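Everything below concerns the one structure shown next.
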């Protein structure tokens, strides 16, 4: 066995170390989850089965422990760690100008006069609409939903200097229409 390990190159030993560490982490998490599902007390929910709610609780604890672990890493170290989840996570994203030219109809481009809307509408527009619709269903208070909507827009205005995609056109700020 020792001779076999000496024959391996340094890259192979590093990969073996990653594989062993991954197996150890998976085994530890599985044991913790199994222990949590069998030992933790029942919560207030009984249906479909208390074990499902205990499993949900324990997985949320594991998730929080993972977030705490990432919190104590450097920014580059956390990015490298997250590359194990998705290899595309370490690459810089293409920046889009959401708050630039905000004309709805651009008469200077007769071939595509609505290009501004097409450029600025992305996945987040229907997600915002659906999110506000769900908040309305959950909160069931028109006044509270409007307060949350206005405060969210104020938060976006305040954080524009940190996140450029918070700099939106005027027509992006009307997501409160979904409250009706």
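Numbering (the working numbering), first residue to last: 1428 to 1607.
Yeah, the Cβ is synthetic: ideal placement off N, Cα and C, and Gly gets one too.
Please read all numbers here as calculations on a predicted model, not as lab measurements.
Check whether residue i and residue j have beta carbons under 8 Å apart
i            : j            : result
residue 1464 : residue 1481 : yes
residue 1642 : residue 1497 : Past the edges of the chain, shown from 1428 to 1607, lies residue 1642, and the structure says nothing about it.
residue 1523 : residue 1516 : no
residue 1438 : residue 1525 : no
residue 1581 : residue 1572 : no
residue 1486 : residue 1467 : no
residue 1532 : residue 1519 : no
residue 1586 : residue 1593 : yes
Cβ-based neighbour list, residue i, same chain, cut-off 6 Å, excluding 5 preceding and 5 following
i            : result
residue 1477 : 1469
Environment of residue i [buried if 16+ CB atoms lie within 10 Å]
i            : result
residue 1455 : exposed
residue 1559 : buried
residue 1543 : buried
residue 1547 : buried
Close-in-space but distant-in-sequence residues of the same chain around residue i (CB under 7 Å, 5 per side omitted)
i            : result
residue 1562 : 1572, 1575
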